[in-house]
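Single-structure report; data block below.
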Amino acid sequence: MLMARGYFITLEGGEGAGKSTQARRLAAALAAAGMPVLRTREPGGAPGAERIRDLLLSPGSWDSLTEAMLHFAARREHVVRSIRPMLEAGAWVICDRFADSTLAYQGAGQGLAYETWARLCDLTLEGLQPDLTLILDLPVEAGLARAAGRSAADRYEKLGADFHARIRAGFHDIARREPARCVVLDAARDAEAVYAAIVETLRQRLGAKL
Ligand code: Z5A
């Protein structure tokens, strides 16, 4: 590895797309190469944010703006207490979901307006944006089957195939809007092939010598 500074890399996609699997593997490879690395996730990643995560994933329903604000409240804690300090210290930050998930889930999924999402970003993120976003793309049925095989369904996993199809389309819209930051990867392949595509993307986009 011949890189001087860390990068902020986010993994996005629907349920069961393999984000956690790939985030673990990528973070381990960076650490093995001697890079300081933080692997983290949303909602969560800081003590207060993990408490908000418990609220968000437990049974119940929220107004979509309330729900988006809860995600951004958790994200603010995560950014201020974990992500930004680690980036400033030169670490690579590998994050399982970030603000794009709010645009896909609360926007495309639950009707939150793009402009409202953008205002919440302005208010809470102080200009922080991922250097690279890997969107792991998988047909909805395949993702839900993978997620079901792993653990009991949470509140979002129970929302049904139509909801998850809107999420998938929402991520495609994000990739079309921001091609310099986002790369869509076919996540239906085996985990080894997906990881190889991630490494190739890091080489091309960030000059990584992984
Ligand atoms: N949410 C939101 O609404 N708004 C927001 O702003 C944010 C989040 C940030 C968080 O749930 C929920 O919050 C999420 C969106 C919402 N909705 N849900 N559910 P979470 O953190 O508990 O779960 P998740 O983010 O959706 O992750 P996941 O379901 O755990 O999926 P994943 O991380 O993408 O997949 P995985 O855990 O790596 O793999 C799932 C299974 O598939 C596992 O058994 C693997 O071994 C297997 N797997 C992985 N890759 C492969 C391949 N390539 N082939 C075959 N099998 C594989």
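So our numbering is basically just the index in the sequence shown, starting at one, shifted up by 2. Positions of the beta carbon are idealized from the N, C-alpha and C atoms, including for glycine. Values in this document were obtained by computation on a predicted structure and should not be read as measured data.
Alpha-carbon spacing of residue 157 relative to residue 164, whole angstroms: 15 Å
Considering only the beta carbon of each residue, do residue 122 and residue 173 sit closer than 8 Å? no
Closer than 7 Å by C-beta to residue 169: which residues in its own chain qualify, once you throw out the five before and the five after it? Chain order, please. 16, 106, 107, 110, 111
Runs of beta strand (DSSP E) wholly within the stretch 20 to 79 (minimum 3 residues, chain order): 39 to 43
Closer than 7 Å: residue 73 CB and nearest the ligand Z5A heavy atom: yes
Mind reading off the beta-carbon distance from residue 96 to residue 146? Whole number of angstroms is fine, and I expect it under 8 Å. A Cβ-Cβ separation of about 24 Å leaves residue 96 out of contact with residue 146 under the 8 Å criterion.
Return the residue from the list 11, 202, 195 that minimises the CA-CA distance to residue 101. 11
Express the C-alpha separation of residue 39 and residue 25 in angstroms, rounding to a whole number. 11 Å
Same chain, Cβ closer than 6 Å to residue 207, neighbours up to 5 away in sequence not counted: 134
Shortest alpha-carbon distance to residue 2 belongs to which of 19, 8, 81, 14? Any property of residue 2 remains undetermined from this structure, which presents the chain solely from 3 to 212.
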